[in-house]
Amino acid sequence: MLVKNWNPRRMIASGMFVAAMMAAPFVGAMSVRAQDVTQEKVVIAHRGASGYLPEHTLPAKALAYGMGADYIEQDVVLSKDGVPVILHDIHLDTTTDVATKFPDRKREDGRYYVIDFTLAELKSLTVTERFKADTGKQVYEDRFPGDFGMFKIPTLEEEIKLIQGLNRSTGRDVGIYPEIKDPAFHRAEGQDISKTVITVLEQWGYNNPASNAFVQCFDWAETKRIRNELKYQGKMVQLLGENRWGAPEGTDYDYLKSAEGVVEMATVVDGIGPWLPQVIEGLSANGTAIMTPTLIAAQRAQLLVHPYTLRADQLPKWAGDMDIALKAIFDDAGINGIFTDFPDQAVQFLANNPAS
């Protein structure tokens, strides 16, 4: 069911950039894909074009598509009735009005869990820009106004339909990049999120190495299970965090970042998704990126490297602007792709720097 006969030159020449038209009120419409410039460097829209519209809403995904992203990310959690829905967290209280609509449904810890709500109930909620649950203050103050509530929670299938539909109407082949969220939590709640998500992906044609999709997960034991027990044949990425953040059982990020860990990951996955400081320490005296041993080991192991997350409104301390950061990532460090809330800026950088 995947659309593969895309022709970006024909698409650009004929003006068939449907989602870019949706983007026009917010930013300048883009008509150049990162992959039009080089097949080796890709732009991954982190939760969609989340720097401009509330994360993981269908308008944010359409906007990212129009901006020229090569891949669009989906964080996947399960509803009470086992439907994969797109939300970054297993909780609802920092991006929706759940506390207002269902005030009595929080658990003892004061949080509202996605898995406690049916799909119908989730669809009744309004999604807004991310805010702090304790204060109600918007996390990124200069982003889309938090009191403009007009968005809904999409399902994984709805988002796949949107992207595949745009692929058909534009002639492009934008990929998906689903993350399986907290499989241990879901298992404790009686649900197998990995099996459910993989089933949906296979139904929609994302079932082999040529499929334009990456499946990502922070849980190393679960990544191995998906590959070896569930027999998933598509491309996979192991996400890397820090042990101090609270690693899943069976996952030691310090080990995975080591040369030995990288070699082991290379036997299972196609790439890694590290936190950006895990691959670039900063800039040297001459202004070039200082590469970490983890990045060097990953490149030696021929793993793809797709770090997270580059934000124009929350840049690394060593980067004065997005172009400095993107030059370090793509030119100096030779990294294959970047997760960013601002896909238009990464696409434009690659268009302006075709040698990157």
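With mature numbering (1 follows the signal peptide of the UniProt record, and there is no 0) as the guide, the letters of the sequence shown map in order to residues -34 to -1, 1 to 322. Cβ coordinates follow ideal geometry from the N, Cα and C atoms, glycine included.
Using a Cβ-Cβ cut-off of 6 Å (strictly less than) and excluding sequence neighbours within five positions of residue i, which residues of its own chain qualify?
i: I126; result: W170
i: A232; result: A267, L269
i: E95; result: P20, Q104, R109, F110, G112
i: P120; result: L24, I52
i: A30; result: A11, G14, A15, I38, P309
i: Y172; result: A179, G200
Within a Cβ cutoff of 7 Å, which residues of the same chain sit near residue i, ignoring the five residues on either side of it in sequence?
i: W211; result: none
i: L261; result: V245, V271, A299
Whose C-beta lies closer than 8 Å to the C-beta of residue i among residues of the same chain, with five residues either side of it excluded?
i: R71; result: V64, Y78, D82, F83
i: L196; result: S160, K161, I164
Residue i bridges to which residues according to DSSP?
i: Q121; result: Here the sequence assigns Thr to residue 121, which means Gln is not the residue at that position. Answer by DSSP bridge pairing, in chain order: V51.
i: Q204; result: C183, I238
i: E39; result: Y143
i: Q104; result: F97
i: Y79; result: H57
i: A213; result: According to DSSP, A213 bridges with nothing at all.
i: G248; result: I256
i: A9; result: First, the residue type needs correcting, since residue 9 is Val and not Ala in the sequence shown. According to DSSP, V9 bridges with I304.
Just confirm the distance between the C-beta atoms of residue i and residue j, as a whole number of angstroms; I'd bet it's less than 8 Å.
i: I52; j: G303; result: Contact doesn't hold; Cβ gap of about 20 Å is too wide.
i: T23; j: F151; result: Between F151 and T23 the Cβ distance is about 23 Å, and since that is not below 8 Å, they are no contact.
i: A91; j: T62; result: For the record, residue 91 in the displayed sequence is Leu; it is not Ala. Between T62 and L91 the Cβ distance is about 4 Å, and since that is below 8 Å, they are a contact.
Measure the alpha-carbon distance for residue i versus residue j and round it to whole angstroms.
i: Y143; j: T101; result: 32 Å
i: D264; j: L88; result: Inspection of the sequence shows that residue 264 is occupied by Ala rather than by Asp. One C-alpha to the other measures close to 40 Å.
i: R138; j: V8; result: 14 Å
i: M33; j: F305; result: 14 Å
i: S322; j: A255; result: 14 Å
i: K27; j: Y18; result: 11 Å
i: A291; j: K283; result: 10 Å
i: G141; j: V166; result: 15 Å
i: T60; j: T275; result: 19 Å
i: A317; j: F296; result: 12 Å
i: P175; j: Q204; result: 16 Å
i: M202; j: K223; result: 17 Å
i: V313; j: R277; result: 14 Å
i: S177; j: G200; result: 6 Å
i: V80; j: D307; result: 23 Å
i: E188; j: V43; result: 15 Å
i: D289; j: I38; result: 21 Å
i: Q311; j: D185; result: 31 Å
i: I146; j: Q40; result: 9 Å
i: L249; j: S45; result: 44 Å
i: L132; j: A251; result: 45 Å
i: Y221; j: G227; result: 5 Å
Identify every run of the beta strand (DSSP E) within the segment 250 to 308, keeping only runs that are complete inside it and at least 3 residues long; order them along the chain. For the segment 250 to 308, whole beta strand (DSSP E) runs of length 3 or above, ordered along the chain, are 255 to 257, 303 to 306.
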